[in-house]
Amino acid sequence: MKLPNGVGEKMLADVINNFDVNLKHTEFGPKLIGSIEELENAKDFLVKSINERLQDFENKKVH
576 MKLPNGVGEK MLADVINNFD VNLKHTEFGP KLIGSIEELE NAKDFLVKSI
626 NERLQDFENK KVH
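So the sequence shown is numbered by the working numbering: it starts at 576 and just counts up by one.
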């Protein structure tokens, strides 16, 4: 699975520690390697984390 934009080092470390996936560097960029189920769980975690970060930025702009 190709990593989406906005994934920071901490998020990536959390994914590798919490899910059965490995990071592989390819000529097209970093990718996560693992079973479909683990990749889906990792993707859901990343989307949730990115959305939380965006929400934090939006809240800071309003205040």
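Heads up, the beta-carbon is just placed ideally off N, CA and C, and yes, glycines get one too.
Per DSSP, reduced to three states, the secondary structure at Asn597 is strand. According to the DSSP assignment, Lys606 belongs to the beta strand (DSSP E) that extends over 604-609. If you check the CB distance, Leu614 and Met586 do not come in under 9 Å. With fewer than 16 other CB atoms across the displayed protein chains lying within 10 angstroms of its CB, Ala588 is exposed.
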